[in-house]
Structure formats: structure tokens, C-alpha cells
Amino acid sequence: MSLSLAERRIAVLGATRLALFRRRRGELELLGGVEYGPAEGPAWSAAAQALERLLGEQGRRRASLDLLLSSRFVRFALIPWSDAIAAPEELEAYARFRFQEIYGALADDWLLRLSPAPAGQPRLAAAIERGLLERLQVLSKDAGLRLCSVQPYLMAAFNRFAGQLPAGDFLFVLAEPGRSSLLLARAGGWAAVRSVSGGDDDAALLALVERESELQGLEDAARSAFYLHAPGRTAPPPAGLHALELPRASADTLQAMAQAVN
Numbered sequence: 020m021s022l023s024l025a026e027r028r029i030a031v032l033g034a035t036r037l038a039l040f041r042r043r044r045g046e047l048e049l050l051g052g053v054e055y056g057p058a059e060g061p062a063w064s065a066a067a068q069a070l071e072r073l074l075g076e077q078g079r080r081r082a083s084l085d086l087l088l089s090s091r092f093v094r095f096a097l098i099p100w101s102d103a104i105a106a107p108e109e110l111e112a113y114a115r116f117r118f119q120e121i122y123g124a125l126a127d128d129w130l131l132r133l134s135p136a137p138a139g140q141p142r143l144a145a146a147i148e149r150g151l152l153e154r155l156q157v158l159s160k161d162a163g164l165r166l167c168s169v170q171p172y173l174m175a176a177f178n179r180f181a182g183q184l185p186a187g188d189f190l191f192v193l194a195e196p197g198r199s200s201l202l203l204a205r206a207g208g209w210a211a212v213r214s215v216s217g218g219d220d221d222a223a224l225l226a227l228v229e230r231e232s233e234l235q236g237l238e239d240a241a242r243s244a245f246y247l248h249a250p251g252r253t254a255p256p257p258a259g260l261h262a263l264e265l266p267r268a269s270a271d272t273l274q275a276m277a278q279a280v281n
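In this text, residue positions in the sequence shown follow my numbering: the first is 20, and each later residue adds one.
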């Protein structure tokens, strides 16, 4: 049996809680969880401290590790297409400039990743603080783990459900506890991305969708392609939103998030 099948671990860094799982033969086993609140230093420092404690309790292991990040720890932006860009380093510089326009000097040292896109279409970009990734790399190495991936949950979830979404226009809503993110596609390309703090109950979700519809000028006909993924949610979706759920998804939010990792 390969190492990845025998010992594969998934850590989910939620907005206020961390959970560590072991996946064996497709099943998830909870190894531990920690709640955390605000801490001194960067917003992610409490989550990193919790992960360090959890990994330390497990002892050194030869295993792989995948990390999922709540949208609380990630920033998103759309990078418009530009015919003037001819090299990867030019694209990264252009993307960084766009983040700096939105977030100011805070974005100077962020690590950026851009999605592929056809010529003429905007790209979706995600950014995390360099310090967060470096801390995660050190913690993984100290625990004897091979860090395989660090990915925003928004992208992991979208990739799992992409085959269930229409090829043209749609609104994809991801509702984590305390934070919601939206991806809007039009004519096969990205049109908007947004991540906001707030409740994930029906009233809050409907208000968020209504506000986005007004901002983007979405007509009533387009609202038939509004989709909601809310990990751990057991209630039916609010009216006008189609639920996207994984088979046999857990009612625990972080375990449901971990199930999205292939």
C-alpha cells in the first residue's frame, strides 16, 4: 500500500476552529480539533498555534498532509485580461498591482496563485500571507509530514462541484460559518468574486445574494442558476438557491469541508 493511501492527513483551518483528520481507504477519522479566538499578531496566528499543538500531540509521523483554508485567511480578486502581458512574471506583477489597488501595501508580500483562463477572459486569483505559508511549511516538516497542498476551501469546493454547474451563467455561493464567498460566471468567464463576513442563516444568505444581484444587474431569468454549498448544513437551502452537497456529507462543518479534498 502506498504512503499516500496508508497515511494521508487533512487539516481544515476554519474561521474559529481547526480539525485534523486521517483518511484511510476513503474514510475520514477525526484525530483532534481545537477552537481558537483572536490572538496577538496576524489573523492566522491562532490557527497556526492550534495546528502546532495538534500535530505535536500526534507525534512525528511519515504521512502526507493537505491543508484547507477558510476564506477568512484568503483574499480573492479578478485579474482582467490584458493583451500587453506576454510573460508569467508580467502576469504576476499585474495581479499584484490589482491586489494592491484593493488592499493597499498589505498585499506587497502576499503569495498569489492565478487560475488558468482562455484568452480574453479574466483570471481568478487567490492570495495568502507569506508568513502563513512559511509557518505551515515549518510545522509540517517538524511533524514529519509531507505538505502536499495548501488550498482555499472556496476553490476546493468549486472544483468538486464544477461538473454540476452550467457552462454559461451561474452564481456559486459558499457559506462557511461566519463568512460567505461568491463566484459569478457569465458567458463562460468569471465576472465577480466576493468574500464577506456575516451570518450564514437563510436571511443573511438571501440578503447577500440579493445585494450581489443588484450590484451585477442580474435579471430574474439568471436566478435559476444560483447554487449554494454550505458544508455541515442540514436544512434545505433558502428559496431560489439550489443545494450542492457531497454524497454522505458530514453534519460537522469542518469534516464536510475535508470531504471535498480528492
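Where is the CB? At the ideal position from N, CA and C, for every residue including glycine. Owing to the predicted nature of the structure, the values given are computational and were not obtained by experimental measurement.
| query | Roughly how many angstroms lie between the CA atoms of Asp219 and Asn178, to the nearest whole one? | reply | 22 Å
| request: Within the same chain, show all residues whose beta-carbon is closer than 7 Å to that of Ser23, passing over the 5 residues directly before and after it, in chain order. | output: Since pLDDT at Ser23 reaches only 42, below the 50 mark, its modelled position is unreliable, and no value is offered.
| Cβ-Cβ distance between Ala204 and Gly187 below 9 Å | It is a contact, given that the beta carbons lie within the stated cut-off.
| message | Using only CA atoms, which one of Ala206, Ala275 and Leu131 lies nearest to Leu152? | response | Leu131
| field | Residue from Ser159, Leu49, Ala145 and Arg149 with nearest C-alpha to Gly75 | value | Ser159
| Exposed or buried, which one is Ile121 when buried takes at least 16 other CB atoms within 10 Å? | exposed
| query | When the Cα atoms are used, what is the spatial distance from Glu233 to Leu224? | reply | 14 Å
| DSSP on Val10, reduced to helix/strand/coil? | There is no way to answer for residue 10, as the model of the chain reaches only from 20 to 281.
| field | Any beta strand (DSSP E) of 3 or more consecutive residues that is wholly inside the region 20-102 | value | 27-32, 36-43, 46-54, 82-88 and 94-98
| Within 10 angstroms of its Cβ, does Leu247 collect 16 or more other Cβ (buried), or is it exposed? | buried
| query | Rounded to a whole number of angstroms, what is the C-alpha to C-alpha distance between Met20 and Leu190? | reply | Caution is warranted here: a pLDDT of 36 is assigned to Met20, below 50, making its placement in the model unreliable, and no coordinate value can be reported.
| task | Less than 8 Å between the CB atoms is what I'm expecting for Arg115 and Ala105, so what's the real figure, rounded? | result | Not quite, the Cβ-Cβ distance comes to about 17 Å (not below 8 Å), so this is no contact.
| task | Excluding the 5 residues preceding and the 5 following Ala144 in the sequence, name in chain order all residues of the same chain whose CB lies nearer than 8 Å to its CB. | result | Phe95, Ala96, Leu97, Ile98, Ala114, Arg117, Phe118, Leu131, Arg132, Leu133 and Ser134
| said: To the nearest angstrom, how far is the alpha carbon of Ala112 from that of Pro171? | reply: 21 Å
| message | So for Val169, helix, strand or coil by DSSP? | response | strand
| query | Which residue spans inside the region 162-227 form an unbroken alpha helix (DSSP H) run of at least 4? | reply | Runs found: 172-180.
| request: Could you tell me if Ser216 is buried or exposed, where buried requires 16 or more neighbouring beta carbons within 10 angstroms of its beta carbon? | output: exposed
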